[in-house]
Amino acid sequence: MSDQRKPFVAGNWKMNMDAASSRALAAELAAAAGSFGDVDVAVCPPFPYLAVVAEAVNGSPVELGAQNVYHEPKGAFTGEVSTAMLLDVGCRYVILGHSERRHILGESDADVNRKLLAALDAGLCPIVCVGEKIEQREAGETGKVIREQFEGSLAGLSAAQASKIVIAYEPVWAIGTGKVATPEQAEEVHADLRSLLEQRYNADVAAAVRIQYGGSVKADNAASLLGQPNIDGALVGGASLTAEAFLPIVEAAAS
Ligand code: 13P
């Protein structure tokens, strides 16, 4: 972590929880927020529980995020959700281009880019995910894959817009597998992403953008990952589903 950037830990609940457990977990996190320290914390529940969680964290520093959004403002797009709807229920963040959306639901960099521009236009803070598959890492293609996702997903963004986003590096092979990237493996990609920001924009943008690591982050590996100079927080899946598992990661980010 660096002194310039406030650490940011977000819980991606994915397609888990129900209304009662969402409300209970959000209330538990909100109650613990007094001891968070200097770290931003957000939870990203499934769409049907956004309003439930918004109510439970209301007035606390715990922020709300969504896991996806559609780029069109309104209309005949059955099953989709707009940026205005997310803002209306109290979202500040939206996760875009998660690998599960890229690889299971078929989202392309162009799709991510349309959503990113719409989210920024609306005033949401996007968390843009990038990450390589295991066969790409083994073929020595990690740098190339990350650069292509970066360029495709961030196409057309101005420096002012880019400085407002969060990037999450989530190696696909580390997601939900218990196989965490080593701090060195993660730091290498985070440093590459920061130099892509500097080359494409400038040093100020590169210094401002927070880059989270995601992929099997747990209480026992969070401190070593977050101790790297270019790792500014975590995007947490499995370990965000209970306060016992999530709060120590927030603590590690604060210290
Ligand atoms: P896990 O923490 O369960 O590996 O999931 C990471 C992730 O995909 C967060 O977006």
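Under this note's numbering, read the sequence shown as residues 8 to 262, first letter to last. Built from N, CA and C at the ideal position, the CB exists for glycine as well. Everything numeric in this text was worked out from a predicted model, so none of it was measured.
- Using a cutoff of 8 Å, the CB of Gly245 counts as near ligand 1, since one of the ligand's heavy atoms is closer than that.
- Glu70 has Ala49 as its beta-bridge partners, per DSSP.
- Between Ser223 and Ala181, the beta carbon gap of about 5 Å places them in contact (Cβ cut-off 8 Å).
- Set against 8 Å, the gap from the CB of Cys132 to the closest heavy atom of ligand 1 is not smaller.
- Short of 7 Å from the beta carbon of Ile153, and not among the five residues preceding or following it, lie these beta carbons of its own chain, in chain order: Val137, Glu139, Val196, Asp199, Leu200.
- For Asn120, the number of other beta carbons within 10 angstroms of its own is at least 16, and it is reported as buried.
- Taking 8 Å as the upper bound for CB-CB distance, Pro14 and Met8 are in contact here, some 6 Å apart.
- A distance below 8 Å between beta-carbons, with the five flanking residues on each side excluded, links Ala91 to the following residues of its chain, in chain order: Pro80, Lys81, Ala129.
- Taking 9 Å as the cut-off, the Cβ atoms of Leu161 and Leu123 count as close.
- Beta-bridge partners of Gln219 (DSSP): Ala175.
- Proximity to Ser262 across Asp45, Ser29, Ala34 peaks at Asp45, based on C-alpha coordinates.
- The beta carbon of Gln11 lies closer than 7 Å to those of Ala214 in the same chain, with the five residues before and after it left out.
- For the 9 Å CB-CB criterion, Val16 and Phe253 form a contact.
- If you draw a straight line from the Cα of Ala166 to the Cα of Ile172, it comes to about 10 Å.
- The shortest C-alpha to C-alpha distance from Ser106 to any of Val257, Asn19, Arg217, Leu233 is the one to Asn19.
- When rounded, the separation of the alpha-carbon atoms in Ala125 and Val179 is 26 Å.
- In the DSSP annotation of this structure, the continuous segment of the beta strand (DSSP E) that includes Ala17 starts and ends at 15–19.
- In this structure, His105 has its CB closer than 8 Å to one or more heavy atoms of ligand 1.
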